[in-house]
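Here the structure comes first, spelled out in structure tokens, and everything after it is commentary.
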Amino acid sequence: LIVGVGMCGRGSLELAIVRYGFVNGVISSEIYSSIVILTLLSIVITPILFGRLMQKSDVYFYDVSVP
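Plus 87 on top of the position in the sequence shown (first one is 1) and you've got my numbering.
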């Protein structure tokens, strides 16, 4: 579940594809606005959900940077 939430895109590709479809008349304004709203909601909700899932999990990150 954590990996799936972490892989949720930021929405730039979705918005570009939807905009292209809207400009070329492939999708209606209702569908365009629905997809834009859902994309924006997922952009806002994903970091919050990811943070809460990480707090509840037993996954730890270690600093492996080379000095």
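Ideal placement from N, C-alpha and C gives every residue a C-beta, glycine not left out.
The continuous alpha helix (DSSP H) containing residue 110 extends over residues 99–110. One Cα belongs to residue 137, the other to residue 143, and the distance between them is close to 10 Å.
According to the DSSP assignment, residue 132 belongs to the alpha helix (DSSP H) that extends over 116–143.
Between residue 132 and residue 105 the beta-carbon gap is near 19 Å, outside 8 Å, which marks them as no contact.
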